[in-house]
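Below: the structure, in structure tokens.
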Amino acid sequence: MRDPRVEMLARVLVGHSVRVQPRDRILIEGETSASPLIQALFEEILRAGGHPHMLLSLQGVETTQTGLDSSFIRLAGDEQLDFSPTFVKLAYETFEGRIRIHSSSNTMALTNADSERLARRRRALQPILNAQFERGAAGDFKWVTTLYPTQAYAMDAEMSLEDYEDFVYRACHVDGATGEPMAYWRGVEAEQRRVVEALVGHDKLEVRSPSCELDLSIKDRVFLTSFGVHNMPDGEVFTGPVEESVTGWIRFSYPAIYQGHQVRGVELVFKDGQVVEAKAGKNEAFLQEMLATDPGAKYLGEFAVGMNSGITRHTGNVLFDEKIGGTIHMALGAGYPDTGSKNRSAIHWDMVCDMRQGGQIRADGDLIYADGAFHL
């Protein structure tokens, strides 16, 4: 018998996030460790009249299908590293939607992979990422990313598996504690829309905290509310800053984790939008290599404010950490075209800064955010 919370999560992903319609072709991506959720999604998509297509990775290898695993990076020749996987590319360019499940049984699988070869592989996959963002912005591709709790994630969060399962399903609001989950997420949309509407027409944002002194422009850019459509769990408002406008410095509060690499103590300095100085207390070489991936990797594709009050602590997984109420996060690399972002890159690397003690955001001189909360 499946956990009823898994059944409810599948219903939310199909009915709220991807909004499956009859004849929709939906790609389900996941590792076999997530088989209970994959099975539940398969059934829910069928009930909605859609056509489920499963793309499964081997146990312990979360991204077999795109070649982002240690064996591929180690063994692939140049032509293989540069090859864009046919079926994945076809699905992202023609299907109506995809549901991706992070369900790693080894979150450090890529830690010792050659980072230059990894970056080269990322560049080969950029057309797939571009298709996701561009077709998504046009309304032609519905996509969501979620997580199935595993022992590996529980260990990263320093929790027991049972406690981590409770944490995940509570953050997704599928545990029954806040009523009907789809109604809950619609309520989140309404609450966050008030913030988004208040930001319309503004130009300059000044972001200040003991760890941050940044100025950036949002002129003619669109703030969007994220309420369980692209991520589950969710709870943020975000935009793509004007690319050349970002100036100042920031020191991120939590380790920045990307492709199995944990980079601690990241500090970035921006001038005219570009990272001109970058350092870290641990794994600085990896940070520098990712910044050198392509020209867009040194620019911000996203500026966002986390608003999920149900997520209060860092767990080592950015899907949750970037939503922590009272934080901001910024992504180096690819931006979302529907925000007006023009930045393109093979990477999209979110990094989180806590604003709950002394953090402020001013919009054209007016204080709109202080100590982790909006004041509108």
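Number 327 in my numbering belongs to position 327 of the sequence shown; there are no gaps in the numbering. Beta carbons are placed, not taken as given, at the ideal position from N, Cα and C, and that holds for glycine.
Between the alpha carbons of GLU44 and ARG186 lies a distance of about 20 Å. The alpha helix (DSSP H) runs of length 4 or more contained entirely in the segment 265 to 344 are, from start to end of the chain, 284 to 291, 318 to 321.
When the alpha-carbon of GLU79 is set against those of VAL276, VAL88, ARG123, the nearest one is in ARG123. Here GLY335 is actually not in contact with TRP349; their C-beta atoms are around 12 Å apart, not less than 8 Å.
By the criterion of at least three beta-carbon pairs nearer than 8 Å, the segment 90 to 107 is in contact with the segment 24 to 34.
Beta-carbon to beta-carbon, PRO36 and ARG2 are separated by about 5 Å, close enough to satisfy the 8 Å threshold.
Here DSSP, grouped into helix, strand and coil, assigns HIS375 to coil. As computed with DSSP, MET182 is found in no beta bridge at all. Approximately 22 Å separates the beta-carbon atoms of PRO241 and LEU319; this is outside 8 Å, ruling out the contact. The residue among PRO127, ARG170, PRO149, ILE257 with its C-alpha nearest the C-alpha of ALA91 is PRO127. Distance between LEU224 and VAL275, taken at the CA atoms: about 25 Å. The beta carbon of PHE133 sits closer than 7 Å to the beta carbons of ALA334, TYR336, PRO337 from its chain, once the five residues preceding and following it are set aside; these are given in chain order.
According to DSSP, LYS142 shares a beta bridge with GLY97.
Closest in alpha carbon position to GLU244, among LYS204, ASP166, TYR254, PRO255, is LYS204. By the criterion of at least three beta-carbon pairs nearer than 8 Å, the segment 167 to 181 is not in contact with the segment 280 to 295. With respect to GLY260, THR94 sits apart: the two C-beta atoms are not nearer than 8 Å. Beyond the five residues adjoining it in sequence on each side, GLU322 comes within less than 8 Å, by CB distance, of GLU236, ALA304, GLY306, HIS329, ASP350, VAL352 in the same chain, given in chain order. If you check the CB distance, VAL14 and LEU41 come in under 8 Å.
With 16 or more neighbouring CB atoms inside 10 Å of its own CB, PRO255 falls in the buried class. GLY325 and HIS314 have their C-alpha atoms roughly 11 Å apart. In terms of Cα proximity to THR327, the closest of SER253, ARG362, ALA154 is SER253. In this structure, THR239 keeps its C-beta atom at 8 Å or more from the C-beta atom of THR145. With a contact defined as Cβ atoms closer than 8 Å, ASP156 and ASN283 miss out at about 16 Å.
Contact between LEU199 and VAL246 is ruled out by a C-beta separation of about 17 Å, above the 8 Å threshold. Taking the CA atoms as reference points, GLY365 sits about 8 Å from GLU206. Within its own chain, the residues whose Cβ lies closer than 8 Å to the Cβ of SER211, once the five positions on either side in sequence are excluded, are ILE250, ARG251, PHE252, SER253, CYS353, ASP354, listed in chain order.
Distance from the CA atom of GLY49 to the CA atom of ASP24, rounded to whole angstroms, is 8 Å. As DSSP reads the structure, LEU214 sits in a beta bridge with VAL207, GLY248. When DSSP states are grouped into helix, strand and coil, TYR258 belongs to the strand group.
Membership of GLY30 in any alpha helix (DSSP H) is not indicated; the residue belongs instead to the beta strand (DSSP E) covering 25 to 31.
PHE270 is positioned such that its CB atom lies closer than 8 Å to that of GLY248.
In the displayed model, TYR148 falls within coil according to three-state DSSP, outside both helix and strand. Under the three-state reduction of DSSP output, ILE73 falls in the helix class. Look at LEU110 here: in three-state DSSP terms it is coil, with no helix or strand label. For VAL188, the secondary structure class from DSSP, reduced to helix, strand or coil, is helix. For GLN357, there is no enclosing alpha helix (DSSP H), as DSSP marks it with neither H nor E.
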